[in-house]
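Residue numbers for the sequence shown follow the numbering used here, so the first one is 8 and each next one is one higher.
Each remark here refers to the structure printed beneath this line.
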Amino acid sequence: METKKSWQELLSQYHIIETFQTSNSAQELSDWLSNLPNHLYKFVLSLIRQILGTLADTGFSPDGTQFLVAWPYNGVVNRCFHIPLSSYNTWAPILADSDDCATFAYMTNACLQSGAMTCRGPNPNWDNRLYMLKTAVLCPASTGAWSLRHERTYFFHKLDNSLYWVKAQREGTQSGVPASLVRLVSARSIPHDIRQRLIFKEERKKEKRLREKDLASVPAEVVELL
8 METKKSWQEL
18 LSQYHIIETF
28 QTSNSAQELS
38 DWLSNLPNHL
48 YKFVLSLIRQ
58 ILGTLADTGF
68 SPDGTQFLVA
78 WPYNGVVNRC
88 FHIPLSSYNT
98 WAPILADSDD
108 CATFAYMTNA
118 CLQSGAMTCR
128 GPNPNWDNRL
138 YMLKTAVLCP
148 ASTGAWSLRH
158 ERTYFFHKLD
168 NSLYWVKAQR
178 EGTQSGVPAS
188 LVRLVSARSI
198 PHDIRQRLIF
208 KEERKKEKRL
218 REKDLASVPA
228 EVVELL
């Protein structure tokens with residue numbers, strides 16, 4: 008009962024959902040938290056810990072062979088789909104954690120569609136595959152207006168120093184249809200010394216490095232990874 012009362016108070020008086028969606032920086036969110044009454048401050052921190060704890064094991068499995076997706080259903084939140092990584096989802100490693108953001112995954116009943124993939128209806132067969140990713144990316148080195156350039160190669164840099172190169176494709180897309188990022192190659196299993204030289208070389212091309220959008224208010228370009 009007390010939990011429900013605290014949540015209703017956060018919704019009606021402190022607009023918690025809008026605040027998390029529209030904060031421009033971590034500092035702005037921290038300031039909002041600091042100004043909450045003590046009992047609500049503790050409640051929000053406890054709620055954040057609970058959510059992150061529930062989703063902590065989602066994303067890539069430790070051995071990198073599966074992608075784990077939480078399936079909240081009827082109040083049960085600790086179930087996961089174990090989706091094997093295969094030729095149908097060669098882009099999936101791009102979701103690995105980086106210095107900029109961590110990946111958590113959960114399933115909803117929202118239908119994701121693109122020009123190449125449409126809704127299969129309310130009761131499709133589950134085939135245990137990931138076909139595409141829709142996200143938003145930006146170039147951290149850019150200080151002004153920025154957009155992906157057709158046929159240009161970009162890369163993602165991950166925590167384990169893996170590099171993933173993608174090519175942007177715009178040609179033939181209709182107005183309002185996101186650009187596509189097609190994965191080319193990766194530098195993950197090559198010898199460490201060669202990989203380090205590649206990382207040094209690519210990091211000098213900062214205008215080609217991409218990362219996923221971290222805050223709702225940050226300008227970024229919506230893309231589809233195929």
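Yeah, the Cβ is synthetic: ideal placement off N, Cα and C, and Gly gets one too.
Check                                                                                                                    : Outcome
Any 3 or more C-beta pairs closer than 8 Å across the region 65–72 and the region 27–34                                  : no
Buried versus exposed, by CB contacts within 10 Å (16 or more), N96                                                      : buried
Contact under 9 Å by Cβ, S149 with E214                                                                                  : yes
C-beta atoms of V229 and T142 nearer than 9 Å                                                                            : yes
Of the residues F88, Y161, C126 and T125, the one placed nearest N135, counting alpha carbons only                       : F88
Counted within 10 angstroms of its Cβ, other Cβ atoms place V173 as buried (16 or more) or exposed                       : buried
Nearest-angstrom Cα separation, counted from G151 out to Y80                                                             : 43 Å
Closest residue to F163 among R177, W14, L145 and T61 (Cα-Cα distance)                                                   : L145
S30 beta carbon less than 9 Å from that of L222                                                                          : yes
Of the residues L170, L43, N45 and A175, the one placed nearest R156, counting alpha carbons only                        : A175
Exposure of W98, with buried meaning 16 or more beta-carbon neighbours within 10 Å                                       : buried
Other residues of its chain near L191: CB distance less than 8 Å, five sequence neighbours each side excluded            : T160, W172, V173 and K174
Beta-carbon spacing of A117, F74 below 9 Å                                                                               : no
Environment of R86 [buried if 16+ CB atoms lie within 10 Å]                                                              : exposed
Distance between L166 and A63 (C-alpha atoms, nearest Å)                                                                 : 17 Å
Residues near W78 by beta carbon distance below 8 Å, same chain, minus five either side                                  : R86, C87, F88, Y113 and M114
Outcome for S94 when other beta-carbon atoms lying within 10 angstroms are tallied against a minimum of 16               : exposed
From S154, R177, E158 and S169, residue whose alpha carbon lies closest to that of A227                                  : S154
Simplified DSSP assignment, three categories, for H46                                                                    : helix
Best match in P147, L140, R218 and S105 for proximity to P185 [C-alpha to C-alpha]                                       : L140
3 or more residues per run - each beta strand (DSSP E) lying fully within the region 104–180                             : 140–145, 160–164 and 170–176
Cut-off 8 Å between Cβ atoms - residues of its own chain near R216, not counting five sequence neighbours on either side : C146, P147, A148, Y161, F162, F163, H164, E209 and E210
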